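The structure appears below as C-alpha cells.
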Amino acid sequence: MERLETFENKYPDRDYSITIVNPEYTSVCPMTGLPDFGTITIEYVPDKFCLELKALKYYFLEFREQGIFYEALVNKVLDDLVEACKPRKMEITGDFTARGGICSVIKVTYPQKRNG
Numbered sequence: 001m002e003r004l005e006t007f008e009n010k011y012p013d014r015d016y017s018i019t020i021v022n023p024e025y026t027s028v029c030p031m032t033g034l035p036d037f038g039t040i041t042i043e044y045v046p047d048k049f050c051l052e053l054k055a056l057k058y059y060f061l062e063f064r065e066q067g068i069f070y071e072a073l074v075n076k077v078l079d080d081l082v083e084a085c086k087p088r089k090m091e092i093t094g095d096f097t098a099r100g101g102i103c104s105v106i107k108v109t110y111p112q113k114r115n116g
C-alpha cells in the first residue's frame, strides 16, 4: 500500500477533531469481481501528528483493483491510519452503496470500546 504521510500537529495540547470524507471510494467484491462503491469517513482527535491528505488520497486509490470485503477494509484502514498518526481517538465509517438491494454501514473505533 501507498505510504501514508503525516505532518506535525501545531496544537498537540488541545483536543480538537478532524473529519475527512472520501465520497469516491472504490474496490472490488472478492466473491463476484464486481465493483464496490462507498463513502469512507475518518474522524479523529490528533495527538502529535495529522494525516496528510494527498498521500491519503493515493492510499485509497490503491484499493480500486483490490478484492476486499467491507468489514476487512474498514478495519484495515483503521489499523493503517492509527499506525501512521497515532491519534488520541479515531473512528472509521464505511457507508457502502446498495448491493443486491442491501446497503451496509461499517464502523470501527480506536481505542476499541470494550463491553463489560
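In terms of the numbering used here, the sequence shown has 5 at position 5, counting the first letter as 1, and numbering is strictly consecutive.
The C-beta atom is built at its ideal place from N, Cα and C for all residues, glycine as well.
In this text, all values refer to a predicted model and were calculated from it rather than measured experimentally.
Rounded to whole angstroms, the Cβ separation of I106 and E71 is 6 Å, and the two are in contact under 8 Å. Inter-residue distance for D15 and E83 is about 19 Å (C-alpha atoms, whole angstroms). Look at N9 here: in three-state DSSP terms it is coil, with no helix or strand label.
Counting along the chain, the unbroken alpha helix (DSSP H) around L56 starts and ends at L53 to L61.
Around the C-beta of F96, 16 or more other C-beta atoms lie within 10 Å, and the residue is accordingly described as buried. Residue burial annotation: I102 is exposed, with fewer than 16 other C-beta atoms found within 10 angstroms of its C-beta. In the DSSP assignment, E83 falls outside any beta strand (DSSP E) and within the unbroken alpha helix (DSSP H) covering Y70 to C85. Separation of F37 and T26 (C-alpha to C-alpha, rounded to the nearest whole angstrom) is 5 Å.
Counting only the Cα atoms, L73 lies some 11 Å from C29. Contact check for T6 against F49 passes: the beta carbons are separated by less than 8 Å. The alpha-carbon separation between G67 and K113 amounts to approximately 28 Å. Its Cα nearest to that of S104, the residue T39 stands out among T39, P111 and D80.
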